[in-house]
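Worksheet for the structure shown next.
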Amino acid sequence: MIDLIKKLKYSLHVIFHPFDGFWDIKFEKRANTLSAISILAILVLVFMLQQQLTGFDFNLDFRNQVNILTKIGLVLIPYFLWCISNWCIVSLVDGQGSFKDIFITTAYALVPLIITSIIMIIMSNFITLQEGYFYYLVGSIGYLWSGFLIFCGFLTIHQFSGLKTIVTILLAIVGMFIISFLSILFFALVQQMINFLILFFREISLRIL
Amino acid sequence: MKGKILYCIVLNILICFQLISPVIAQEPAYQNYTYSYEKIPFAESQAYIPTDIISGISLGVGAFNTPKDVFVAKDGKVYIVDSGNNRIVILNKDLKLTGILSEFINNGKKDTFKNPNGIFLTDYNLMYIADTDNGRIIVLDENYNFITEYGKPKTNLVTKDFPYKPVKIAVDSALRIFVVSLNVDKGLIELDKDGNFETFYGAIPVNPNIGMLFWRAIATNEQKSRMTLELPTEYSSVDIDETNFVYGVVSVTGANSTFNPNNLIKRLNPFGNDVLKRNGFFPPSGDVLFDYVKGVPQNSKFSDVCVRPYGIYSTLDSKRGRVFTYDENGNLLCVFGRYGEQMGDFGNSVAFDIVNDTNYLVVDAKYNHIVIFKPTEYMNLILNATRLQYERKYSLSEQMWSQVLKYSSKSDLAYDGMGRVLLRQGKNKKAMKYFELANDRQLHSKAYGAYRDELIGKYFNIFLVAVILLWILLSILIPAYKKRKRRDMQK
């Protein structure tokens, strides 16, 4: 437990010293899968809190249509798609990072998002729409910071040059779309097949049995 | 006792054979509705009820033939443009026949109308008639004597063979004339008081989207010639309010790519710029929930607009036969009417006007009659509350809104109205609650800002004192703590 807290605390070092931090994560084992999963869990929790606790002026979610499962899915599905897609691309271009490295690095890179989301929740209850620029500014900073950390992290764990990192990240995003397209296609086909089988057996049972 | 039973039996027989009617008020067969802020329609209390029907036969002047317009003058007289019969039927305040206008003396000769489509009377009963198939505007005085006529406007901006077909007219207090002519997509035609062409007024912009521009840029000339032209849309009707602002509505809209809800209803200032307030949950555009058929939006197509006092205005939808009423801020007040076969239903709603700011007269060009709609108690409350708010009588307005809430506890409009009143009265905390119920984020934020200022004003002194005390305390404690720590270290 103390070890886990130590590893989570280390994320605060990582977000301010990305190159040093991600190096230590990969080679000095300053983080493990458990701590990465914990960060993800905290992120999901913060997103849920954001829906519930954001002030009325900034909360455009209809409060009668809350679904926790979709909120969880909105974080986890893109996350795993990203990790898988990135791992596929990186294996092709001889990156040094393993799937575990990618998983942990991405999780640690999302820590700024947690921090800014918490700040946004608190802010939204104390500011008016006219001052909303600051609110949205904080949100944008969170995303940009996380994006920058992902870039730095992948640069470090894969031992790529800057340009190669950017290209692989872009390819990974394309890969995410391809994977989601294929999985939707797969599910649609399976659904068709199941429907066909159901029809087939119904036909047989009605005609022969 | 025996008498009572007998009385009951007789009453029952009478009711059963509909010799007397137990219910006097006529409810329409359909439920009125309004839209929530999420653009979801929900049932609302009845706003207007059809009470009576005027037809040519009931007036004893022979059946109407596709009537196209109705106008209620300042003195309460009602002018019905009976286009198919080339005449204008005039009724008095109580909707009883007073006269028929079908001919007039023009330069010593008898002249008649040919398919007149529109009529407008100024406050001093100067009558302007759009004599559509003759391509002219006829001006008559209060005794229906011919004064003058204005033909096709003389301007280089239209081609020689352009067919001039004026259909709707509005005239402002300076006698400037605004004409809606068929097949003119440059806006309204503005004529000065002598009928000379001034300018095209308030043209509706085309809003091309990026995709359209992209395809146009890469298409060959041949492909371009086969593309549908994205033309600006035409006005279908026009009205004018007390302050000479012109209201125009649009019935034909382009394909999906150019659909813009802000282009359906316009309020034009003297420069022809649109100044309609669109502060409601959605811009005033009739139905906000509609489907698309082959990419063409099935939005409301307005055939007429009617301006009422206190910034309220109504628009008549000829697509689904509905009347939408908005307040000056663009909040939807009520929706009523439909196409159908029952009493009060429309066949083709083409024009309407309002009699002494209470009853609507809706002209039906298919059933050849006019339906009279009367506001219900509920609608009167809303109208009164809106009026009182407009007149800045907030406490009275609050009473009205709270009564509206008794009829309809879901009314965003009423919660919003209550909130506005409370905000004006400085009850910011309470106003916030009402704005939250009304889902009005803009005003909630405003109320919150005021409430926050109030709190800061109240507690700033205490806060300041607390900060100073804390600072003094810390400046004493921290050196002492450090000193002690150093001493411990030295030991």
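First to last, the sequence lines map onto chains G and F. Using the numbering used here, you'd call the opening residue of the first sequence number 1 and step up by one each time. Using the numbering used here, you'd call the opening residue of the second sequence number 210 and step up by one each time. By construction, the Cβ of each residue, glycine as well, lies at the ideal position given by its N, Cα and C atoms. No experiment lies behind these values; they were computed from the predicted model shown.
Counted within 10 angstroms of its Cβ, other Cβ atoms place Asn315(F) as buried (16 or more) or exposed = Against the second sequence, residue 315(F) aligns to sequence position 106. An exposed status is given to Asn315(F), since fewer than 16 other beta-carbon atoms sit within 10 Å of its beta-carbon.
ask   = Is the beta carbon of Ile258(F) sitting closer than 8 Å to the one on Phe582(F)?
value = For this step, residue 258(F) is matched to residue 49 along the second sequence. For this step, residue 582(F) is matched to residue 373 along the second sequence. For Ile258(F) and Phe582(F), yes; Cβs fall inside 8 Å.
inquiry  = Closer than 7 Å between beta carbons: that is the criterion. Which residues of the segment 617–647 of chain F meet it against chain G?
reply    = Across the segment 617–647 of chain F, CB contacts with chain G closer than 7 Å involve Glu645, in sequence order along the chain.
Interface partners of Leu129(G) on chain F, CB under 7 Å = Position 129 of the first sequence, counted from the start, is the residue given in the question as residue 129(G). Per Cβ cutoff of 7 Å: Arg650, Gln651 and Ser654.
message = Would Gly658(F) pass as an interface residue toward chain G - the criterion being a Cβ-Cβ separation below 8 Å?
response = Here residue 658(F) is taken as the residue at index 449 of the second sequence, counted from 1. At least one CB atom of chain G sits nearer than 8 Å to the CB of Gly658(F).
request  = With 8 Å as the threshold, decide whether the Cβ of Phe80(G) is near any Cβ in chain C.
outcome  = Among the chains of the structure shown, chain C does not appear; the protein chains present are G and F.
ask   = If you measure from the beta carbon of Phe186(G) to each beta carbon in chain F, is any gap under 8 Å?
value = Translated into the one-based positions of the first sequence, residue 186(G) becomes position 186. For Phe186(G), the answer is no, since every Cβ of chain F falls outside 8 Å of its Cβ.
One or two residues paired with Met336(F) in a DSSP bridge = Translated into positions along the second sequence, residue 336(F) becomes position 127. Residue pairing of Met336(F) in beta bridges, as defined by DSSP: Leu330(F) and Leu349(F).
task = Check Asp278(F) in the structure and name its three-state DSSP category.
result = Translated into the one-based positions of the second sequence, residue 278(F) becomes position 69. Secondary structure of Asp278(F) (DSSP, three-state): strand.
task = Check the Cβ of Phe134(G) against every Cβ in chain F and list those closer than 9 Å, keeping chain order.
result = Your numbering for residue 134(G) matches position 134 in the first sequence. The premise fails here: Phe134(G) is roughly 14 Å from chain F at the closest Cβ pair, so nothing lies under 9 Å.
query = Along the chain, where does the alpha helix (DSSP H) that runs through Arg529(F) open and close?
reply = What you label residue 529(F) is simply residue 320 of the second sequence in a count that begins at 1. Membership of Arg529(F) in any alpha helix (DSSP H) is not indicated, and neither H nor E is assigned to it by DSSP.
query = Which of helix, strand or coil does DSSP assign to Phe703(F)?
reply = Since the first residue of chain F shown is 210 and the last is 700, residue 703(F) is not available in this structure.
ask   = From the beta carbon of Phe56(G), is the nearest beta carbon of chain F less than 8 Å away?
value = For the purposes of this step, residue 56(G) is taken as residue 56 along the first sequence, with counting starting at 1. Chain F, which has a Cβ nearer than 8 Å to the Cβ of Phe56(G), makes this yes.
inquiry  = Which of the three DSSP states is assigned to Asp496(F) in this structure?
reply    = Residue 496(F) sits at position 287 when you count from the first residue of the second sequence. Look at Asp496(F) here: in three-state DSSP terms it is coil, with no helix or strand label.
query = What did DSSP end up calling Val232(F) once you bin it into helix, strand or coil?
reply = On the second sequence, residue 232(F) is found 23 positions in, with the first residue counted as 1. Because the pLDDT at Val232(F) is just 42, under 50, the model does not fix this residue reliably, and the value given afterwards should be weighed accordingly. In the three-state DSSP reduction, Val232(F) falls in the coil class, being neither helix nor strand.
request  = Determine the direct distance from the alpha carbon of Ile579(F) to that of Gln551(F), and round the result to whole angstroms.
outcome  = Stepping through the second sequence from its first residue, residue 551(F) is reached at position 342. Stepping through the second sequence from its first residue, residue 579(F) is reached at position 370. Each residue's alpha carbon lies about 14 Å from the other.
inquiry  = Spatial neighbours of Phe322(F) within its chain, please: C-beta separation below 6 Å, excluding the five flanking residues on both sides.
reply    = On the second sequence, residue 322(F) is found 113 positions in, with the first residue counted as 1. Only residues of its own chain outside the window of five on either side were considered, and among them Asn295 and Asp340 have a CB closer than 6 Å to the CB of Phe322(F), listed in chain order.
ask   = Between Lys510(F) and Phe561(F), what straight-line distance do the alpha-carbon atoms span, to the nearest angstrom?
value = Translated into positions along the second sequence, residue 510(F) becomes position 301. Translated into positions along the second sequence, residue 561(F) becomes position 352. About 14 Å.
task = Give me the Cα-Cα distance between Val376(F) and Leu592(F), rounded to the nearest whole angstrom.
result = Counted from its first residue, the second sequence places residue 376(F) at position 167. Counted from its first residue, the second sequence places residue 592(F) at position 383. Counting only the Cα atoms, Leu592(F) lies some 31 Å from Val376(F).
task = Keeping to the same chain, check which residues put their C-beta closer than 6 Å to that of Gly495(F); ignore five residues upstream and five downstream.
result = Position 286 of the second sequence holds residue 495(F). Same-chain partners within the cutoff: Ser509, Asp526 and Phe533.
key: Contiguous beta strand (DSSP E) assignments of at least 3 residues, all confined to the segment 439–521 of chain F   = Whole beta strand (DSSP E) segments, 3+ residues: 444–449, 455–459, 474–477 and 511–516.
ask   = Which runs of the alpha helix (DSSP H), 4 residues or longer, sit entirely within the segment 597–643 of chain F?
value = The qualifying runs are 603–616 and 621–633.
Span separating the alpha-carbon of Pro231(F) from that of Tyr576(F) = Translated into positions along the second sequence, residue 231(F) becomes position 22. Translated into positions along the second sequence, residue 576(F) becomes position 367. Residue confidence for Pro231(F) is low, a pLDDT of 43 falling below 50, so the modelled location carries little weight and cannot support an answer.
query = Is the distance from the Cβ of Phe387(F) to the Cβ of Val459(F) below 8 Å?
reply = Sequence index remark: in the second sequence, residue 387(F) carries index 178 (1-based). Sequence index remark: in the second sequence, residue 459(F) carries index 250 (1-based). Result no, Cβ atoms of Phe387(F) and Val459(F) do not sit closer than 8 Å.
ask   = Going straight from the alpha carbon of Gly132(G) to that of Ala282(F), what length do you get?
value = For the purposes of this step, residue 132(G) is taken as residue 132 along the first sequence, with counting starting at 1. For the purposes of this step, residue 282(F) is taken as residue 73 along the second sequence, with counting starting at 1. C-alpha separation (whole angstroms): 49 Å.
query = Which value, in whole angstroms, describes the spacing of the CA atoms of Asn488(F) and Lys642(F)?
reply = Against the second sequence, residue 488(F) aligns to sequence position 279. Against the second sequence, residue 642(F) aligns to sequence position 433. Each residue's alpha carbon lies about 20 Å from the other.
task = Ignore the nearest five residues each way along the sequence and tell me which others in Ile166(G)'s own chain have a CB closer than 8 Å to its CB.
result = Mapped onto the first sequence, residue 166(G) falls at position 166. Excluding sequence neighbours, Ile166(G) sits near Phe151.
request  = Output yes or no for whether 8 Å exceeds the beta carbon distance between Thr524(F) and Ile474(F).
outcome  = In the second sequence, counting from the first residue as 1, residue 524(F) sits at position 315. In the second sequence, counting from the first residue as 1, residue 474(F) sits at position 265. Cβ atoms of Thr524(F) and Ile474(F): closer than 8 Å.
query = How would you label Ile89(G), buried or exposed, when you count the other beta carbons within 10 angstroms and need 16 or more for buried?
reply = Start at 1 with the first residue of the first sequence, and residue 89(G) comes out as number 89. Residue environment analysis places Ile89(G) among the buried positions, since at least 16 neighbouring C-beta atoms fall within 10 angstroms of its C-beta.
task = With DSSP collapsed to three states, give me the class of Ser523(F).
result = In the second sequence, residue 523(F) corresponds to position 314, counting from 1. Correct three-state label for Ser523(F): strand.
ask   = When DSSP labels each residue in this structure, what does Glu28(G) get in the three-state scheme?
value = Within the first sequence, residue 28(G) is the residue found at index 28, counting from 1. In the structure shown, Glu28(G) sits in coil (DSSP, three-state: anything other than H, G, I, E or B).
query = Among Thr331(F), Ile347(F) and Ala574(F), which one has its Cα closest to the Cα of Asp701(F)?
reply = Residue numbering for chain F in the displayed model covers 210 to 700; residue 701(F) lies beyond these limits and cannot be assessed.
request  = Within its chain, find whatever has a CB closer than 6 Å to the CB of Ile233(F); leave out the 5 residues flanking it on each side and keep chain order.
outcome  = Residue numbering aside, residue 233(F) sits at position 24 when the second sequence is read from its first letter. Because Ile233(F) carries a pLDDT of 43, less than 50, the predicted location of this residue cannot be relied on, and the following value inherits that uncertainty. Around Ile233(F): no qualifying Cβ.
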